[in-house]
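Trainee: Structure incoming, see below.
2 protein chains.
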Amino acid sequence: MTRLPVPERRRALIAAAIRVVARDGVAATSTRAIAAEAGMPLGALHYVFVSRDDLLAAVIDTVTAGQRVAAESVLPHPDTQPPASGALLHTFGALLHTGLGRFLDLLEAEPEREVAVLELNLYTLRTPAMAGTMRAEYEETYQALVPVLARAARACRCASTVPLRDVARLLVTAVDGLTTTWLADRDCAATRRVAALVADGIAALFAPLAPDAAAGQGDEPGAPHDHPEGGLHHADHP
Amino acid sequence: MTRLPVPERRRALIAAAIRVVARDGVAATSTRAIAAEAGMPLGALHYVFVSRDDLLAAVIDTVTAGQRVAAESVLPHPDTQPPASGALLHTFGALLHTGLGRFLDLLEAEPEREVAVLELNLYTLRTPAMAGTMRAEYEETYQALVPVLARAARACRCASTVPLRDVARLLVTAVDGLTTTWLADRDCAATRRVAALVADGIAALFAPLAPDAAAGQGDEPGAPHDHPEGGLHHADHP
DNA sequence: CAAGATCTTGGTCGTTCGACCAACTTTGGA
DNA sequence: TCCAAAGTTGGTCGAACGACCAAGATCTTG
Numbered sequence: 000m001t002r003l004p005v006p007e008r009r010r011a012l013i014a015a016a017i018r019v020v021a022r023d024g025v026a027a028t029s030t031r032a033i034a035a036e037a038g039m040p041l042g043a044l045h046y047v048f049v050s051r052d053d054l055l056a057a058v059i060d061t062v063t064a065g066q067r068v069a070a071e072s073v074l075p076h077p078d079t080q081p082p083a084s085g086a087l088l089h090t091f092g093a094l095l096h097t098g099l100g101r102f103l104d105l106l107e108a109e110p111e112r113e114v115a116v117l118e119l120n121l122y123t124l125r126t127p128a129m130a131g132t133m134r135a136e137y138e139e140t141y142q143a144l145v146p147v148l149a150r151a152a153r154a155c156r157c158a159s160t161v162p163l164r165d166v167a168r169l170l171v172t173a174v175d176g177l178t179t180t181w182l183a184d185r186d187c188a189a190t191r192r193v194a195a196l197v198a199d200g201i202a203a204l205f206a207p208l209a210p211d212a213a214a215g216q217g218d219e220p221g222a223p224h225d226h227p228e229g230g231l232h233h234a235d236h237p
Numbered sequence: 000m001t002r003l004p005v006p007e008r009r010r011a012l013i014a015a016a017i018r019v020v021a022r023d024g025v026a027a028t029s030t031r032a033i034a035a036e037a038g039m040p041l042g043a044l045h046y047v048f049v050s051r052d053d054l055l056a057a058v059i060d061t062v063t064a065g066q067r068v069a070a071e072s073v074l075p076h077p078d079t080q081p082p083a084s085g086a087l088l089h090t091f092g093a094l095l096h097t098g099l100g101r102f103l104d105l106l107e108a109e110p111e112r113e114v115a116v117l118e119l120n121l122y123t124l125r126t127p128a129m130a131g132t133m134r135a136e137y138e139e140t141y142q143a144l145v146p147v148l149a150r151a152a153r154a155c156r157c158a159s160t161v162p163l164r165d166v167a168r169l170l171v172t173a174v175d176g177l178t179t180t181w182l183a184d185r186d187c188a189a190t191r192r193v194a195a196l197v198a199d200g201i202a203a204l205f206a207p208l209a210p211d212a213a214a215g216q217g218d219e220p221g222a223p224h225d226h227p228e229g230g231l232h233h234a235d236h237p
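Sequence lines, in order, name chains A and B.
Counting from 1, position 3 in the first sequence corresponds to residue 2 in numbering that gives the first Met the number 0; the numbering is continuous, with no gaps.
Counting from 1, position 95 in the second sequence corresponds to residue 94 in numbering that gives the first Met the number 0; the numbering is continuous, with no gaps.
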């Protein structure tokens, strides 16, 4: 094989490993299978990675990073259509609806991708050294989702009645549940009906904002009118 | 080892395999590990099961059967406290709340159990011969949940505005999502807050029944007033 | 042009795996 | 009592695994 610097070979091996995991599963992702997929001898793998677990850790880092940007893109940017008058609350539900629908499109198009994510999550759970890492990854996802939710809510002229952090966590819970359930029964129509119920249910957590307060003080990200720090105080419905 | 008939040894091996899967994961569940856990020589395993995959299939059958009865017990029997007057709609939400809380108690008490279920689900997904089986298992779970939901709704004097089958599927989606999310971040308090939101959201799908129609015609299981056959017709809010 | 650093390669350990088998013991009915 | 069926046991086979290494090839720097 042509001479390759370590970082490039590292990337190639990670990409090959992701393909193998998606196609054959983590259990079948041996060092030899990865090397064969990457088209390089087995020794080259151990020249870059000290062990198989080291490579799999790098794989997990890569796919979780991609997972986070995917999570942020679930909520589409509402800038395209400025919110018209009336039925503003329904707009947020529609936003969630199209976002979840977009995710389901991706899921149905290449289920192996999500299966691979689930398998890697379980592998992480089984590896004591990485259990804490996973906790941090999910926390980051929630925190990355909060400003996206705040921006969407602001565009729809509504505000959450519960801490946005809980809404973000609820959204992740919903996406995870929709994924595993669809993977189990492959019922596309039922999954989309359930996704519609989920979108309506989450949208029901948002209340329309007073029109005079719409152009009010809260413009910086963080959404000060909906408990941005997501602390211990329980949701108090006014 | 003392002489054992095949069915008993079969049960013992399945139980041992379940313990190994919960403790060490599917990947570490080798024939030798199972035999050691059961305290019997390796040859005895292959005398009962033709192959490791055969044993794992039996394991999956056993745990999915247990999973179904667990799913039915998520909705506690409402017979203990006869519905008082007023706030009948809140009663159904409370029922869901306690049911989900009970499940979370179990999840936090022994997470290995649910991790094992997830691993076995993924193993089933990866095994082409069993992919169809899993579809059927989930369908059975939905169908088992429909009469439970119908009974709970009747006791709470309310009826679903969407097909009960979709509600059952939504409940399974919620439980799956709550499980995976808690396993990832281990945030018990946040999980229970999200579970409360889920319970409220599902309860919002039910509308109070007219008091004269409460003792009406629908007494047999199947709940004729809420689209029991879960067909294609979309939910029409009256 | 040297020489050290950086890659590349094929081969080889020791271990563990699933599957298999021949010999042995126990059981229960003829 | 005898004997076939049922059950038990320890050992062995080939294959695949992760890890490692020595030797060669190539690049880069002085």
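Each residue gets a CB set at the ideal place from its N, CA and C atoms; glycine is no exception.
The model shown is predicted, which means the values in this text are computed figures rather than measured ones.
What does methionine 133(A) touch in chain B if you count any residue whose Cβ is under 7 Å from its own?
Mentor: Per Cβ cutoff of 7 Å: Ala183.
Trainee: Would you kindly work out how many angstroms separate the C-alpha atoms of arginine 51(A) and leucine 119(A), rounded to a whole number?
Mentor: Straight-line Cα distance between these residues: approximately 14 Å.
Trainee: I'd like to know if arginine 125(B) contacts chain A, where contact means its C-beta is closer than 8 Å to some C-beta of that chain.
Mentor: Answer yes: the Cβ-Cβ gap between arginine 125(B) and chain A drops below 8 Å somewhere.
Trainee: So, phenylalanine 48(B) versus leucine 54(B), is the Cβ gap smaller than 8 Å?
Mentor: Contact: yes.
Trainee: Once the 5 residues before and after valine 19(B) are set aside, which same chain residues still bring their CB inside 8 Å of it?
Mentor: Hits under 8 Å: Ala27, Thr28, Ala32, Ile33 and Glu36.
Trainee: So valine 166(B) packs on leucine 177(B), CB below 8 Å; how close in whole Å?
Mentor: At roughly 16 Å, the Cβ-Cβ gap does not stay under 8 Å, so valine 166(B) and leucine 177(B) are not in contact.
Trainee: Using a Cβ-Cβ cutoff of 9 Å, what residues of the stretch 154 to 165 of chain B are near chain A? List them in chain order.
Mentor: Against chain A - using a Cβ distance shorter than 9 Å - the residues of the stretch 154 to 165 of chain B are Val161, Pro162, Arg164 and Asp165.
Trainee: So what's cysteine 157(B) in DSSP terms, helix, strand or just coil?
Mentor: Strand, per DSSP.
Trainee: Going straight from the alpha carbon of leucine 88(B) to that of leucine 208(A), what length do you get?
Mentor: Reliability of the predicted coordinates at leucine 88(B) is poor, the pLDDT of 49 falling under 50, and the value obtained from them is presented with this limitation in mind. Cα to Cα, the separation comes out at about 27 Å.
Trainee: Taking arginine 192(A) as the query, report the chain B residues whose CB atoms sit under 7 Å from its CB, ordered along the chain.
Mentor: Chain B residues near arginine 192(A): Asp165.
Trainee: Label glycine 85(A) either buried or exposed according to how many other C-beta atoms from any shown protein chain fall within 10 Å of its C-beta, with 16 as the threshold for buried.
Mentor: Legend: pLDDT at glycine 85(A) = 49, less than 50; position of this residue unreliable, value from coordinates given subsequently. Counting Cβ neighbours within 10 Å, glycine 85(A) comes out exposed, since fewer than 16 surround it.
Trainee: Using CA atoms only, rank isn't needed, just tell me which of Val114(B), Arg2(B) and Thr63(B) is closest to alanine 21(B).
Mentor: Closest by alpha carbon: Val114(B).
Trainee: Distance check for alanine 43(B) and aspartate 184(A), CA to CA, integer angstroms please.
Mentor: The alpha-carbon atoms of aspartate 184(A) and alanine 43(B) are separated by roughly 36 Å.
Trainee: Keeping to the same chain, check which residues put their C-beta closer than 7 Å to that of alanine 15(B); ignore five residues upstream and five downstream.
Mentor: Counting only Cβ-Cβ distances below 7 Å, and skipping sequence neighbours, we find Ile33, Glu36 and Ala37.
Trainee: What's the gap between the Cα of arginine 191(A) and the Cα of threonine 30(A)?
Mentor: So the alpha carbons of these two residues sit roughly 39 Å apart.
Trainee: How is phenylalanine 102(A) classed by DSSP in three states: helix, strand or coil?
Mentor: Of the three classes helix, strand and coil, the one that applies to phenylalanine 102(A) here is helix, per DSSP.
Trainee: So for proline 6(A), helix, strand or coil by DSSP?
Mentor: Helix.
Trainee: Does the count of Cβ pairs from the stretch 97 to 117 of chain A and the stretch 143 to 159 of chain B closer than 8 Å reach three?
Mentor: Contact between the stretch 97 to 117 of chain A and the stretch 143 to 159 of chain B is absent, because fewer than three Cβ pairs lie under 8 Å.
Trainee: Would you tell me roughly how many angstroms separate the C-alpha atoms of leucine 170(B) and alanine 57(A), rounded to the nearest one?
Mentor: Looking at the two C-alpha atoms, the distance is approximately 35 Å.
Trainee: Counting contacts by CB-CB distance shorter than 8 Å, is valine 19(B) in contact with chain A?
Mentor: No, valine 19(B) lies away from the interface with chain A (no Cβ there is under 8 Å from its Cβ).
Trainee: Any idea if alanine 195(A) is buried or exposed, counting beta-carbon neighbours within 10 angstroms, 16 or more meaning buried?
Mentor: Buried, because 16 or more other Cβ atoms sit within 10 Å of the Cβ of alanine 195(A).
Trainee: Could you pull the start and end residues of the beta strand (DSSP E) that proline 207(B) belongs to?
Mentor: 205 to 207 is the span of the beta strand (DSSP E), which, as asked, contains proline 207(B).
Trainee: Could you check if proline 162(B) is buried or exposed, using at least 16 other CB atoms within 10 Å of its CB as the buried criterion?
Mentor: Flag for proline 162(B) reads buried.
Trainee: Leaving out the 5 sequence neighbours to the left and right, which residues in its chain are closer than 6 Å to glycine 98(B) when beta-carbon positions are compared?
Mentor: These residues qualify, in order along the chain: Val73, Leu74 and Pro75.
Trainee: Can you pull the chain A neighbours of threonine 172(B), defined as C-beta to C-beta under 7 Å?
Mentor: Chain A residues near threonine 172(B): Gly176, Leu177, Thr180 and Val193.
Trainee: Distance cutoff 8 Å, beta carbons only. Does glutamate 219(B) sit that close to anything in chain A?
Mentor: Residue placement at glutamate 219(B) is poorly supported in this model, since its pLDDT is 38, which falls under 50; the coordinates are not used for a value here.
Trainee: For glutamate 71(A), is the classification buried or exposed, using 16 other Cβ atoms within 10 angstroms of its Cβ as the cut-off for buried?
Mentor: By the neighbour-count rule (16 or more Cβ atoms within 10 Å), glutamate 71(A) is not buried but exposed.
Trainee: Just the C-alpha distance for arginine 112(A) and threonine 61(B), rounded to the nearest angstrom, thanks.
Mentor: Each residue's Cα considered, the two are about 29 Å apart.
Trainee: Looking at leucine 95(B): is its Cβ nearer than 8 Å to the Cβ of threonine 160(B)?
Mentor: Their beta carbons are not under 8 Å apart, which means leucine 95(B) does not touch threonine 160(B) by this criterion.
Trainee: Going along chain A in order, which residues have a C-beta closer than 9 Å to the C-beta of valine 114(B)?
Mentor: Going along chain A in sequence order, the residues near valine 114(B) (Cβ under 9 Å) are Leu121, Leu124 and Arg125.
Trainee: Using 8 Å for Cβ pairs, my map puts alanine 143(B) next to arginine 67(B). What's the rounded Cβ distance?
Mentor: Between arginine 67(B) and alanine 143(B) the Cβ distance is about 6 Å, and since that is below 8 Å, they are a contact.
Trainee: Is alanine 16(A) close to chain B? Criterion is C-beta to C-beta, closer than 8 Å.
Mentor: False, the Cβ-Cβ gap to chain B never drops below 8 Å.
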